[in-house]
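So the structure is just underneath, and the comments pick up after that.
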């Protein structure tokens, strides 16, 4: 079930009314949340409900076993079981065919003959997200940072909470789980704020991301038919497509949770105004980057074991991050590019004292420079194959006429310029939000002024939103 679908437009109001009817009855409310979340998830493929239920049961049980065990070795063994089961399922569904294909290619390099084959595995929606969410629960218990819950209903609801189930934010048990033990009273201010976030998320997705996707898909699905400006435009468009698509989902998820009284962590913070790749990763997919910091980078030793080891740890984390996104060499290259740039930035960090990045012109230069690096890395993230990514990278500076060939790019001229205007308005909003917190500024406006803003956003979504022929457009991160 997609947030931008008719199914969800029917599902959520019904759930919302029932939720607030039973809001003060904790057990009944949590049963409603869990049942509705399973309905929401099962809408894609009911067979994968067994997987999320099994994952919840495993970590609920192992969490208590770890806590009760008196010996460190026993605790460690239980944690290893959790890691093997969760990562084993993730590896099977997400990487089995990748490793089979890699093995066959390696075998052929040494002169062997082996027929290609695949297991025809369907990737369960959201498995990368809820796997990391449940793993953080058992790891935190093992570290002594968290006590396990004995309330299975609350824990299962924490794992399956539908607003953030399939594409995050990846929540920590210490933040989200306690919220399932509280009752909430309807708060109009939170409700209004949540609706605004949902509307803004739908605007990002339906007006900007899905419009940009038309051109991006045309160029990236047929890269050898395009060169020069077309490749540049498609790459820049993809940078904003994936930002609006993913941050739009996060906005909707956070907004839905807020209307119910729940608080989810911020996942994006105006990333394209970053002045370095290091800063970019403090602002992009925050829930994932902090997860890798706390559960991969720091356990590897972080920056405590010398300069060279720090650089290796950083590269490992970003290569793993690339692999988390997808089972393809292009994702690994994407992660490696970000990792190597962060290593370079760290190596030259002493020069940051000399370079005044906060000054307007130097700040503008580093913002643009960072965006160019991010866009270059996006080539490998978006390309359908390694050969496509190399072609695009090699031909992106081979200029050729494009502005007389809009129809060859999939977008009519007026749609192209509408996309440009939408992106410019997004950047203006992000800049204001970065400097002054746009939502707080909006709340200071008179009621009539705010109402006009709300109505305009809704009408823009209705009039300029991109609607599929048969079904709503999926969010990009659903495939991860």
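Numbering (the numbering used here), first residue to last: 251 to 730.
We put the CB at the ideal spot given by N, CA and C, even for glycine.
Pick from the options that is closest to residue i, judged by C-alpha positions
| i | options | result |
| --- | --- | --- |
| residue 686 | 539, 334, 325 and 519 | 519 |
| residue 258 | 617, 275, 294 and 271 | 294 |
| residue 337 | 707, 633, 609 and 383 | 383 |
| residue 560 | 543, 576 and 574 | 543 |
| residue 497 | 394, 515 and 484 | 515 |
| residue 339 | 323, 313 and 376 | 376 |
| residue 742 | 564, 577 and 609 | Any answer about residue 742 is impossible in this case: the structure gives the chain only from 251 up to 730. |
| residue 399 | 317, 305 and 331 | 317 |
| residue 395 | 545, 668 and 697 | 545 |
| residue 494 | 679, 570 and 555 | 679 |
Exposure of residue i, with buried meaning 16 or more beta-carbon neighbours within 10 Å
| i | result |
| --- | --- |
| residue 421 | buried |
| residue 435 | exposed |
| residue 430 | buried |
| residue 414 | buried |
| residue 309 | buried |
| residue 663 | exposed |
| residue 411 | buried |
| residue 508 | buried |
| residue 644 | exposed |
Beta-carbon separation (whole angstroms), residue i vs residue j, contact threshold 8 Å
| i | j | result |
| --- | --- | --- |
| residue 456 | residue 254 | 6 Å |
| residue 406 | residue 427 | That belief does not hold up - the Cβ atoms of residue 406 and residue 427 are roughly 11 Å apart, past 8 Å. |
| residue 670 | residue 623 | Not a contact, Cβ separation roughly 22 Å. |
| residue 312 | residue 388 | 6 Å |
| residue 628 | residue 489 | 5 Å |
| residue 290 | residue 251 | 5 Å |
Contacting residues, own chain, Cβ-Cβ under 6 Å from residue i (five flanking each side not counted)
| i | result |
| --- | --- |
| residue 276 | 433 |
| residue 721 | Only weak support exists for where residue 721 lies, its pLDDT of 48 falling under 50; the coordinates are left without a value. |
| residue 473 | 638, 641 and 642 |
| residue 717 | none |
| residue 448 | 502 and 505 |
| residue 572 | 581, 582, 584 and 585 |
| residue 315 | 328 |
| residue 511 | 434 |
| residue 386 | 422 |
| residue 672 | 457 and 458 |
Cutoff 8 Å; reference residue i; Cβ partners in own chain excluding five residues on either side
| i | result |
| --- | --- |
| residue 682 | 688 and 691 |
| residue 272 | 278, 279 and 282 |
| residue 711 | 449, 452, 453, 456 and 457 |
Cβ shell of residue i (< 7 Å), same chain only, five flanking positions each side left out
| i | result |
| --- | --- |
| residue 319 | 325 and 328 |
| residue 562 | none |
| residue 715 | 456 and 457 |
| residue 267 | none |
| residue 260 | none |
| residue 620 | 524, 525, 526, 527 and 530 |
is_contact[residue i, chain D] using C-beta, thresh 8 Å
| i | result |
| --- | --- |
| residue 451 | Note that chain D does not occur in the displayed structure, where there is just one protein chain. |
Residue i beta carbon near the ligand NAD (any heavy atom closer than 7 Å)
| i | result |
| --- | --- |
| residue 630 | Questions concerning the ligand NAD fall outside what the structure shown contains, since it holds no ligand whatsoever. |
For the segment 444-452 and the segment 416-430, state whether three or more C-beta atom pairs, one from each stretch, are separated by less than 8 Å. Contact fails: fewer than three Cβ-Cβ distances are below 8 Å.
The segment 521-528 contacting the segment 691-709, beta-carbon criterion three pairs below 8 Å: Result no; under three Cβ-Cβ pairs closer than 8 Å.
Pairing CB atoms from the segment 460-474 with CB atoms from the segment 527-545, are three or more of them under 8 Å? At 8 Å Cβ cutoff, the stretches do not touch.
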